[in-house]
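Chemist: If you read the sequence shown in my numbering, its first letter stands for residue 12, the second for the next number, and so on. Backbone N, C-alpha and C fix where the C-beta goes; we use that ideal spot for every residue, glycine too. The structure displayed is predicted, hence computed values, not measured ones. Quick one: the structure is below, and I'll ask about it shortly.
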Amino acid sequence: MSVQMFAMTCGWLTGPLAAFLEGESGRIRVPVPCYLIDHPKGKVLFDSGLHVDTQSDPADRLGLAAKVYEVEFRAGEEVSARLAALGVDADRISFLINSHLHFDHTGGNEQVPNATLVVQQREWTAGSEPDQIEANYYNPEDYDLGHAVLEIEGEHDLFGDGSVVCVPTWGHTPGHQSLRVRTHGGEVVLAADACYLRRTLEELHLPATVHDRQAMRASLLKLRMLRASGARIFYGHDPDFWASVPQLPQPALEPAPS
12 MSVQMFAMTC
22 GWLTGPLAAF
32 LEGESGRIRV
42 PVPCYLIDHP
52 KGKVLFDSGL
62 HVDTQSDPAD
72 RLGLAAKVYE
82 VEFRAGEEVS
92 ARLAALGVDA
102 DRISFLINSH
112 LHFDHTGGNE
122 QVPNATLVVQ
132 QREWTAGSEP
142 DQIEANYYNP
152 EDYDLGHAVL
162 EIEGEHDLFG
172 DGSVVCVPTW
182 GHTPGHQSLR
192 VRTHGGEVVL
202 AADACYLRRT
212 LEELHLPATV
222 HDRQAMRASL
232 LKLRMLRASG
242 ARIFYGHDPD
252 FWASVPQLPQ
262 PALEPAPS
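Structural data, given as structure tokens:
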């Protein structure tokens, strides 16, 4: 069985370094990653990036977030265009896995209308409760779009063969999840916002704003264990790491030597 993974840059954000590493000064420019996993039983999109309206009017689309982050997001960088560059029709994506419901991970959900949305039940519940929407900076216009929704609880093997597995990594938000992918080039963990930067994992250095600090620390320890078992961690927004990741149309990982 051959599973391939492709990495896409769907914009950039520049904001306070303290938003990624508590107590740090200065600013940092970070990528907005999305991933396509090509499995024999269907194509999977992990996160969908920014909403296309952000290209023309970020202040209107993002509200408060636009005051915190400078947005670089040009036409052709939206997820549907990235997929099209690989010859993939966004309408034919089978599954859309959202790590969580923040604007830079769900903004492109509307561009994959026929996909089944896979999300942790506790995240989806939080995303439907007015007090949690406000507390967690969600925007239902990004994700409450009428997709078929598969609400999962904890670890979930999407195809039943161990190749694409949702892994709960609570803390950043109530129901954040990462994705373990076993490809022809080895096993990776797409950490998303459970681990913004390499330093986050190396130093257990949390961001300034976290839903549950204890849970996030536990999730980082889980990621360390997965790394120790041989998985390669793909950090959520690390510009230095991202510079080392081949972008589509190349696979994100080359085949392992036989």
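Would you mind giving the Cβ-Cβ distance between residue 81 and residue 22, rounded to the nearest angstrom? I have them listed as a contact below 8 Å.
Modeler: Incorrect: roughly 11 Å between the Cβ atoms, too far for contact.
Chemist: If contacts are defined as beta-carbon pairs under 8 Å, then residue 59 and residue 195 qualify, I think. What distance do you get, rounded to the angstrom?
Modeler: Actually they are not in contact, since the Cβ atoms of residue 59 and residue 195 sit about 24 Å apart, beyond 8 Å.
Chemist: Over what stretch of residues does the alpha helix (DSSP H) that includes residue 48 continue unbroken?
Modeler: Segment 38 to 50 is the beta strand (DSSP E) holding residue 48; no alpha helix (DSSP H) there.
Chemist: Taking just the CA atoms, how far does residue 198 sit from residue 241?
Modeler: In a straight line, the C-alpha of residue 241 is about 7 Å away from that of residue 198.
Chemist: Between residue 70 and residue 265, what straight-line distance do the alpha-carbon atoms span, to the nearest angstrom?
Modeler: Distance between the alpha carbons of residue 70 and residue 265 is about 39 Å.
Chemist: Hey, how far is the Cα of residue 260 from the Cα of residue 95?
Modeler: Each residue's alpha carbon lies about 10 Å from the other.
Chemist: Where does residue 144 fall in DSSP's three states?
Modeler: Helix at residue 144.
Chemist: If I measure Cβ to Cβ from residue 166 and keep anything under 7 Å in the same chain, skipping five residues before and after, which residues do I get?
Modeler: So the list reads 176, 177, 178, 179, once near-sequence residues are dropped.
Chemist: Pairing CB atoms from the stretch 111 to 121 with CB atoms from the stretch 142 to 156, are three or more of them under 8 Å?
Modeler: Taking 8 Å as the limit for Cβ pairs, the verdict is that the stretch 142 to 156 does touch the stretch 111 to 121.
Chemist: Only counting the same chain, and skipping five residues up and downstream in sequence, which positions put a Cβ closer than 7 Å to that of residue 66?
Modeler: 84, 85, 86, listed in sequence order.
Chemist: How about residue 237 and residue 228: do their beta carbons lie closer than 8 Å?
Modeler: No, Cβ-Cβ distance for residue 237 and residue 228 is not below 8 Å.
Chemist: Name the DSSP beta bridge partners of residue 26, please?
Modeler: Residue 26 is bridged to 39.
Chemist: Quick check on DSSP: helix, strand or coil for residue 116?
Modeler: Helix, per DSSP.
Chemist: Where DSSP assigns a beta bridge to residue 106, which residues make up the other side?
Modeler: Answer by DSSP bridge pairing, in chain order: 55, 127.
Chemist: Which of helix, strand or coil does DSSP assign to residue 232?
Modeler: In this structure, residue 232 counts as helix in the three-state DSSP scheme.
Chemist: Between the alpha carbons of residue 122 and residue 230, how many angstroms are there, rounded?
Modeler: Cα-Cα distance, rounded: 30 Å.
Chemist: If you check the beta carbons only, do residue 106 and residue 76 fall under 8 Å apart?
Modeler: Not in contact: residue 106 and residue 76 (Cβ atoms no closer than 8 Å).
Chemist: Would residue 202 and residue 245 be called neighbours here (beta carbons separated by less than 8 Å)?
Modeler: For residue 202 and residue 245, yes; Cβs fall inside 8 Å.
Chemist: Spatial neighbours of residue 161 within its chain, please: C-beta separation below 6 Å, excluding the five flanking residues on both sides.
Modeler: So the qualifying residues of the chain are 127, 129.
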